[in-house]
Amino acid sequence: MPELQLKFMKAGMQTLVQDLGRSGHQQQGVPISGVLDRQSAKAANEIVGNSVDTPVIEITVIGPEIHFDQSCKIAITGANISPRLNNEPIANHRLQNVRAGSILSFGKMISGCRAYLAVAGKWNVNKWLGSASASTISPELLTPDSVITKGSTISITTNDQSIHSTTSIHQTVFTNIVRLRVIPGPEFEWFTKVAIARFFSTGHIISQAANRMGYQIKTSGMEHQKEMISSGIIPGTIQITPDGRAIVLLADAQTTGGYPRIANIIDDDLDKMAQMKPGGEVWFSLA
Numbered sequence: 068m069p070e071l072q073l074k075f076m077k078a079g080m081q082t083l084v085q086d087l088g089r090s091g092h093q094q095q096g097v098p099i100s101g102v103l104d105r106q107s108a109k110a111a112n113e114i115v116g117n118s119v120d121t122p123v124i125e126i127t128v129i130g131p132e133i134h135f136d137q138s139c140k141i142a143i144t145g146a147n148i149s150p151r152l153n154n155e156p157i158a159n160h161r162l163q164n165v166r167a168g169s170i171l172s173f174g175k176m177i178s179g180c181r182a183y184l185a186v187a188g189k190w191n192v193n194k195w196l197g198s199a200s201a202s203t204i205s206p207e208l209l210t211p212d213s214v215i216t217k218g219s220t221i222s223i224t225t226n227d228q229s230i231h232s233t234t235s236i237h238q239t240v241f242t243n244i245v246r247l248r249v250i251p252g253p254e255f256e257w258f259t260k261v262a263i264a265r266f267f268s269t270g271h272i273i274s275q276a277a278n279r280m281g282y283q284i285k286t287s288g289m290e291h292q293k294e295m296i297s298s299g300i301i302p303g304t305i306q307i308t309p310d311g312r313a314i315v316l317l318a319d320a321q322t323t324g325g326y327p328r329i330a331n332i333i334d335d336d337l338d339k340m341a342q343m344k345p346g347g348e349v350w351f352s353l354a
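If you're matching positions, the sequence shown starts at 68 in our numbering and goes up one per residue.
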C-alpha cells in the first residue's frame, strides 16, 4: 500500500493533530483534549471514508502550507479559511482528489475559527493513552507528531480500494452571534435571581483570552464572594470567577476547578463555541 508523506512547508498559527480525545483518564488529571468541533471533524472523516475516530489536522485561524508527495483524497470541513489546492480555490465539505506533488494552502478567514483536514488512510502517528491528540502535558515527549511546526511530516498509509466516501456533507453556517443551550450547574443556586436573570437575558462578548483550554467571556453583575474546594469540571462547564468573569471550559481544560459552576453547555451546542472568535457574542438559554 502506498505511503503518503505530508510535509508542512508552513505551520500556520496553531496546527495540531487531533482525534476524538482520550476520555477515561480525568481521574488522573489528564484532560480529554481532542478536536474542539467534533461534528466538523467527524464529517471530514466521513467524506473521505475514514472511521470517525481517525486523526485529523485541526487548523486555527491561519492555515499551514502542506506538500503531498503521493496522490490521495482529502476533505476540509469547519471554518472557511479560503483553502487552495495548487493555488486554485477549493470548496469545504467536498471530496478532493489530490495529485502527487500538490500543495494545499490557506488564505483569508471567511467564517468560523477552526477547520479540519481529513486525509483518507491509516495515520502513522504516535498515540498516548490511546489517542493521537496533541497532549497538554509534555507534548514534545508524549505526542511529538501532533504539534505541527515548519518542516513537520506525517506519514499516512493510503488504500484507494477501501475508500467508500461521500462527495459532500451539509456545511454548518458560522456566525459571530450564537445561542447556546445549557443545564444548571452544581452551584447554580449560589447566584441571586437578579444575577441569573442577567446571565440569560444578556449577550456576552468573548474576550481575547480564548484558547483550547477555554474562553473567557465578559459578563456584568455576576460578582460573588463564594469560596469552594476544587471540584470536577468537564468541557462545557461554565465557571464564574469572584470578579464576575465567566470561563467556558473546552477540551484542553484541567479536570478540576475552584470557581462556582453556574451551568454546563450541552454537548450538541459545544461545537458552536469552538467556532467562535474573540469579539463574538454568546447568549445562553436553559435547555
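By construction, the Cβ of each residue, glycine as well, lies at the ideal position given by its N, Cα and C atoms.
Spatial neighbours of residue i in its chain, beta-carbon cut-off 6 Å, leaving aside the 5 residues before and after
i	result
G281	I314, V315, L316, L317 and A320
G96	T322
F372	No statement about residue 372 is possible, as the shown extent of the chain runs from 68 to 354 and does not include it.
A288	In the sequence on display, residue 288 carries Gly and not Ala. Closer than 6 Å at Cβ, skipping near neighbours: A262 and R265.
R151	S172
M80	T127, V128 and I129
G347	N243 and I273
For residue i, the residue or residues it bridges with in DSSP
i	result
W190	I223
F75	I133
L83	E125 and V214
Y183	E125 and T144
T323	G299
T304	N331
S178	N147
S198	W195
L152	E155 and L171
E256	Looking at the DSSP assignment, E256 forms no beta bridge with any residue, so it has no partner.
E70	T224
For residue j and residue i, the rounded distance between their alpha carbons
i	j	result
N331	T323	14 Å
R105	M343	14 Å
G145	Q283	22 Å
Q292	G311	10 Å
Q72	P122	15 Å
V192	E256	46 Å
K260	S268	12 Å
L83	E125	5 Å
A78	F258	44 Å
V349	V249	12 Å
H92	E155	43 Å
A182	N164	18 Å
K74	W190	14 Å
M102	E294	In the sequence as presented, Met is not what sits at residue 102; that position holds Val. The straight-line gap from Cα to Cα measures roughly 32 Å.
G218	I272	37 Å
Q238	N159	8 Å
R328	G252	5 Å
S205	T216	16 Å
S107	G325	32 Å
S352	I221	42 Å
I333	V119	21 Å
D335	G303	10 Å
G76	P131	Checking the sequence shown, residue 76 turns out to be Met, not Gly. M76 and P131: Cα-Cα distance of roughly 7 Å.
I170	Q94	42 Å
Segment limits, beta strand (DSSP E) that includes residue i
i	result
G260	Note on identity: in this sequence residue 260 is Lys, with Gly being the wrong assignment. Careful: K260 lies outside any beta strand (DSSP E), inside the alpha helix (DSSP H) at K260 to S268.
R312	It is not in any beta strand (DSSP E) - R312 carries neither H nor E in the DSSP assignment.
A277	H271 to A277
I114	Taken as a continuous stretch (DSSP letters only), I114 belongs to no beta strand (DSSP E), being part of the alpha helix (DSSP H) at R105 to V115.
L171	I170 to S172
I284	G281 to K285
N164	Q163 to V165
Bounding residues of the alpha helix (DSSP H) (the contiguous stretch that carries residue i)
i	result
P251	That residue, P251, is in no alpha helix (DSSP H); its beta strand (DSSP E) goes I244 to P251.
E348	First-last for E348: E348 to L353, but that is the beta strand (DSSP E), not the alpha helix (DSSP H).
A341	D334 to A341
L208	P206 to L209
8 Å CB neighbourhood of residue i in its chain, flanking five on each side removed
i	result
G168	H134, F135 and D136
M176	V128, I129, A146, N147, I148 and S149
W195	R89, S202, L209 and T210
Residues near residue i by beta carbon distance below 7 Å, same chain, minus five either side
i	result
P69	Q137 and T225
S274	Q283, I284, K285 and P345
K339	V245 and L247
P211	N193
N117	A185 and A187
R166	S138
L337	P302 and G303
I157	P150, R151 and Q163
Any C-beta of chain D under 8 Å from that of residue i
i	result
G324	This model lacks chain D altogether, as it is built from one protein chain only.
*Does the stretch 86 to 96 come within contact of the stretch 190 to 204, defined as at least 3 CB pairs closer than 8 Å?*
yes
*Taking three-plus beta-carbon pairs below 8 Å as touching, is the stretch 264 to 279 in contact with the stretch 295 to 302?*
no
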